[in-house]
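Notes to accompany the following structure.
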Amino acid sequence: EVDLTDLLRRLIEMLALKAKQANVRVESDWPDDLPPVRGDADQLFQVFQNLLDNAIKYGAKGERVLVRVSRKERRRVSVDIVDFGPGIPREHIPRLTERFYRVDAARSRELGGTGLGLAIVKHIVNRHRGRLNVTSEIGRGSTFSVTLPLIESIQESQDSAEMPAA
Ligand code: ATP
Ligand code: MG
Numbered sequence: 275e276v277d278l279t280d281l282l283r284r285l286i287e288m289l290a291l292k293a294k295q296a297n298v299r300v301e302s303d304w305p306d307d308l309p310p311v312r313g314d315a316d317q318l319f320q321v322f323q324n325l326l327d328n329a330i331k332y333g334a335k336g337e338r339v340l341v342r343v344s345r346k347e348r349r350r351v352s353v354d355i356v357d358f359g360p361g362i363p364r365e366h367i368p369r370l371t372e373r374f375y376r377v378d379a380a381r382s383r384e385l386g387g388t389g390l391g392l393a394i395v396k397h398i399v400n401r402h403r404g405r406l407n408v409t410s411e412i413g414r415g416s417t418f419s420v421t422l423p424l425i426e427s428i429q430e431s432q433d434s435a436e437m438p439a440a
């Protein structure tokens, strides 16, 4: 069981210095009664670390980055990492999770990194039966959303699978 709120709090704390150096303010918004998700805490930490690292790195300096958690249809939770940076051209979006894929090679070289972050995100999210969704608008920013099943929903689907029809 993973307490997402606790995980995200630790992550934001860990990246506080990096955010400060980039002159980015990380804001969080989540319900205080969030149920746990099933999964590996270290792997999920890695997912949100990669996404928040990107948002700080590629987002606009002097702007905010939002970490927002909300429940979806009672059974799922969505974690959205929102930046107000340059955005990502539409044609690149389907390829972002390929290994070593960078949108702007020159800019990426300058910022460092290997181009593996989102490939790892995709891999871990899939293993958790989750989804990664990217929306972006040029000149406005990008939102990376990870949707994960809540424990109670997994329990429910197991119950209904095992329960013989009356
Ligand atoms: P690494 O994560 O391995 O340090 P990286 O950040 O370049 O390197 P990914 O995290 O996989 O690699 O991201 C792939 C590319 O997608 C980046 O190089 C960048 O061009 C683009 N990208 C990712 N996140 C954003 C974002 N929030 N805004 C704009 N571009 C982004
Ligand atoms: Mg990255």
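With UniProt numbering, letter number 155 in the sequence shown gets 429, and the count goes up by one each step, no holes. Each residue gets a CB set at the ideal place from its N, CA and C atoms; glycine is no exception.
Beta-bridge pairing of residue i - partner residues as DSSP gives them
{"i": "residue 357", "result": "339 and 416"}
{"i": "residue 407", "result": "419"}
{"i": "residue 301", "result": "340"}
Residue from the options whose Cα sits closest to the Cα of residue i
{"i": "residue 415", "options": "390, 375, 359 and 316", "result": "359"}
{"i": "residue 302", "options": "313, 321, 281 and 295", "result": "281"}
{"i": "residue 346", "options": "308, 376, 368 and 380", "result": "308"}
{"i": "residue 407", "options": "327, 348, 371 and 391", "result": "371"}
{"i": "residue 374", "options": "328, 276, 383 and 389", "result": "389"}
{"i": "residue 286", "options": "363, 365 and 327", "result": "327"}
{"i": "residue 450", "options": "403, 275, 339 and 312", "result": "Since the first and last residues shown for the chain are 275 and 440, residue 450 lies out of range."}
{"i": "residue 426", "options": "348, 363, 401 and 417", "result": "348"}
Exposure label - residue i; buried when at least 16 CB within 10 Å
{"i": "residue 357", "result": "buried"}
{"i": "residue 379", "result": "exposed"}
{"i": "residue 335", "result": "exposed"}
{"i": "residue 396", "result": "buried"}
Integer-rounded CB distance, given that residue j should sit under 8 Å from residue i
{"i": "residue 361", "j": "residue 419", "result": "Their Cβ separation, rounded to whole angstroms, is 15 Å, which puts residue 361 and residue 419 out of contact at 8 Å."}
{"i": "residue 398", "j": "residue 317", "result": "5 Å"}
{"i": "residue 352", "j": "residue 421", "result": "5 Å"}
{"i": "residue 310", "j": "residue 277", "result": "6 Å"}
{"i": "residue 298", "j": "residue 333", "result": "6 Å"}
{"i": "residue 312", "j": "residue 275", "result": "7 Å"}
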